[in-house]
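Data first, discussion second: the structure below is written as structure tokens.
Rendered as structure tokens:
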């Protein structure tokens, strides 16, 4: 949930990339949610997300409801 919103250590960023890259290469479905734009993500992840043959980006322009309970 909310990929890229937490300050991750280099180790954590590498693990996220390895997971995403494995799933990308295996053509496995992966759902990512984030309040960031794709361009704000790790460039290695963003480059995979640009593959229109395997990826669909769905932008839902709604305000955040966190903390509004």
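Residue numbers (the numbering used here): -8 to 60. Here a beta-carbon is modelled for each residue, glycine too, at the ideal position from N, C-alpha and C. Predicted model only: the values in this text are computed from it and were never measured.
Length of the line joining the Cα atoms of residue i and residue j
i	j	result
residue 25	residue 1	19 angstroms
residue 37	residue 47	12 angstroms
residue 53	residue 28	13 angstroms
residue -1	residue 30	17 angstroms
residue 51	residue 57	16 angstroms
residue 42	residue 18	11 angstroms
CB contact flag (residue i, residue j, <8 angstroms)
i	j	result
residue 15	residue 45	yes
CB-CB length for residue i against residue j, believed under 8 angstroms
i	j	result
residue 35	residue 13	Actually they do not touch by this definition, with Cβ atoms about 13 angstroms apart.
Requested in this report: Note down, one range per segment and in chain order, each alpha helix (DSSP H) of at least 4 residues found wholly within the segment 10 to 60.
Outcome: 34 to 40
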